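Student: In our numbering, the protein residues as written are 1 to 582.
Pasting a structure below so you can have a look.
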Ligand SMILES: [Zn+2]
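Written out as structure tokens, the structure reads:
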């Protein structure tokens, strides 16, 4: 965990204008800066960055946040990764990183540099190879798309890279996957006479390569091996290039090969990424759901495609949360995305992608297809096969929906089905969907609120007293403080008096401790206000969560009225909006 004090230090030292300007060209407009919003498509700029508040806001789509929030939203980085990226820009070391992790990073750096150099070499070689250029042209690719994806060519030479790396014999060349050593200890380039597709991580670093033969050779596709940098089960091809399109479409399309990604991009479908010769993992799905509310897996219509789709479904079950949508697009058996978009055009592809088979439909269809529902035995088998899948499912509403439909098919009641599957009522917390950003621990939230209210006691008026949980010392102190201020018992504006008021009370220690912290900090007013508002939103989200849980419990007991069901859907939507805002 990264201590909050470090986050605060980071945000006080970083300038959000510098951070955003690396990605989005900003224009000065009065005290602020403006740009066309990177998170929705627009012609006139409504994206504003305030250097005094260290805050960005879009009047068009409502996107807003701090420098950390920007990196998360723009680059799809997780919270910790975004903090690390920012800290690296400032040359700060992130505390509480395990030393093992820091060592691993230091070890990886030289490998990353090697791969970047190799990518440049392959790219230059492409310009020198008429054969490779003709091949790409023959597949309908323009120079623009080739440049966007950094395509290259590995020459037909056993040791071409020896001309680039003077230390070709260095073990790192094997470690980063560029070079293979045979049993006699002789070394040669892994990729020869292939079109090269650099595989990048979310930050755009090259972490591996995919190579495709130009003609008929085998294997048709060759990937870098698993290396300290390249974990196939975590990475997606084409993510940095697809990011803007994923944002503006609100949807990401997952295909099976890098050629599919590039071909779709050539036809103006820029929101596609590919898994890398491996089945879809929950890590993949989590990454994708951070970037978009809708994930559409596109597979060939043949048996292998359906099998791959089923594995993607299994991976999605544990990563999916309510309010997100996972769908499946099956192409006609004779097509892959590359050939389909060539034959039928972009519009036909987009139409299919907009109306995929939903996860629930696919789930039920596949399960029912495998059994004979007219016999009791078949129905028992249905339950048996559904069991491990339902237990994985993290989204409570989707689980209810699937349980009902399965119960109907199995001719049992939903309660019986749950009992048969050994499903426990969803306990609080355990099956909670992964949040796009870790919410602070309860006491941390109360602590933040307490700090900000202590700094500006007039804020107490904006804090809904009934929402403050009083289990923690901080929460109890906060409630006492707000109560005192509201009752007019506390002179606001004088910090010393405030401290005196609590002397000898149960809250003295907590408040005095925080007061000391306030003395030492020089937090920016605007930023602090943001932090305060942020914390209120989180408090509301938490209270919403409790109401949602109560309604879901009622739903399970079968006592939910139609009105309450509507309310539940509204609450879930509301919570989602709240979480997006914070
Ligand atoms: Zn916007």
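We put the beta carbon where it would ideally sit given N, CA and C, even for glycine.
Only a predicted model underlies this, so the values are computations on that prediction, with no experimental measurement involved.
How long is the line joining the alpha carbons of residue 223 and residue 309, rounded to whole angstroms?
Tutor: When rounded, the distance between both Cα atoms is 22 Å.
Student: Alpha carbon to alpha carbon, what distance is there between residue 463 and residue 483?
Tutor: Their Cα atoms are separated by approximately 10 Å.
Student: If you measure from the CB of residue 248, is any heavy atom of ligand 1 nearer than 7 Å?
Tutor: no
Student: Would you give the residue range spanned by the alpha helix (DSSP H) that residue 19 belongs to?
Tutor: 16-21
Student: Given a cut-off of 8 Å on the beta-carbon distance, is the pair residue 172 and residue 114 in contact?
Tutor: yes
Student: Under 8 Å, with one C-beta from each stretch per pair, do the stretch 565-581 and the stretch 307-324 reach the 3-pair mark?
Tutor: yes
Student: When you compare each of 244, 382, 293, 139 to residue 342 by their alpha carbons, which one comes out closest?
Tutor: The residue with the shortest Cα to Cα distance from residue 342 is 139.
Student: Find out if the Cβ-Cβ distance for the pair residue 193, residue 240 is shorter than 8 Å.
Tutor: no
Student: Would you list the residues whose beta-carbon is nearer than 6 Å to any heavy atom of ligand 2, in the order they occur in the chain?
Tutor: With respect to ligand 2, the structure shown offers nothing to examine, as its ligands consist of ligand 1.
Student: Measure the C-alpha to C-alpha separation of residue 162 and residue 396 and round it to an integer number of angstroms.
Tutor: 56 Å
Student: Using the Cβ count rule (16 or more neighbours within 10 Å means buried), how would you classify residue 451?
Tutor: buried
Student: Look at the alpha carbon of residue 472 and the alpha carbon of residue 461, and state the distance between them as a whole number of angstroms.
Tutor: 21 Å
Student: Mind checking residue 413: buried by the 16 CB within 10 Å criterion, or exposed?
Tutor: exposed
Student: List the DSSP bridge partners of residue 40.
Tutor: Bridge partners of residue 40: none, in fact.
Student: Measuring only the C-alpha atoms, how far is residue 289 from residue 506?
Tutor: 45 Å
Student: Which of the three DSSP states, helix, strand or coil, is assigned to residue 452?
Tutor: helix
Student: May I ask you to report which of helix, strand or coil DSSP gives residue 434?
Tutor: Because the pLDDT of residue 434 is 38, which lies under 50, any placement of that residue in the model is unreliable, and the question is left without a value.
Student: Once DSSP output is grouped into helix, strand and coil, what is the label at residue 31?
Tutor: coil
Student: Since residue 381 is in the alpha helix (DSSP H), which residue starts that stretch and which ends it?
Tutor: In the DSSP assignment, residue 381 falls within the unbroken alpha helix (DSSP H) covering 376-392.
Student: Just to confirm the assignment: which complete beta strand (DSSP E) runs, minimum length 3, are found wholly within the stretch 309-385?
Tutor: 325-330
Student: Specify the secondary structure class of residue 153 as computed by DSSP and reduced to three states.
Tutor: strand
Student: Taking DSSP as the reference, what is the three-state secondary structure of residue 439?
Tutor: For residue 439, the predicted structure reports a pLDDT of 39, less than 50, and the residue's modelled location is therefore unreliable. A value from the coordinates is still provided. Coil.
Student: Applying the 10 Å Cβ sphere with the 16-neighbour rule, what's the burial state of residue 160?
Tutor: buried
Student: If you reduce the DSSP assignment to three classes, tell me which class residue 403 lands in.
Tutor: Assignment of residue 403 by DSSP, reduced to helix, strand and coil, places it in the helix class.
Student: On the DSSP bridge list, what partners appear for residue 196?
Tutor: 152, 211
Student: Under a three-way DSSP split, which group does residue 170 fall into?
Tutor: coil
Student: Rank 348, 455, 230 by C-alpha distance to the C-alpha of residue 267 and give the top, closest one.
Tutor: Measuring from the Cα of residue 267, the nearest candidate turns out to be 348.
Student: Restricting to Cα atoms, I'd like to know which of 416, 305, 408 is closest to residue 373.
Tutor: Cα-wise, what sits closest to residue 373 is 408.
Student: What are the partner residues of residue 235, as DSSP defines its beta bridges?
Tutor: Answer by DSSP bridge pairing: none, since residue 235 is not bridged.
Student: Would DSSP call residue 512 helix, strand or coil?
Tutor: helix
Student: For residue 548, which residues from the same chain have a beta carbon less than 7 Å from its beta carbon, with the 5 sequence-adjacent residues on both sides left out?
Tutor: Here residue 548 has 568, 571, 572, 575 as same chain residues with Cβ atoms under 7 Å from its own Cβ, once five neighbours each way along the sequence are excluded.
Student: Which two residues bound the contiguous beta strand (DSSP E) that contains residue 189?
Tutor: If you look at residue 189, you'll find it in the beta strand (DSSP E) that goes 187-189.
Student: So, under 8 Å CB-CB, residue 236 and residue 284 are touching, yes? Tell me the CB distance rounded to an integer number of Å.
Tutor: 6 Å
Student: Report yes if the CB atom of residue 188 is closer than 8 Å to the CB atom of residue 180, and no otherwise.
Tutor: yes
Student: For residue 375, does the count of other Cβ atoms within 10 angstroms reach 16, so buried, or fall short, so exposed?
Tutor: exposed
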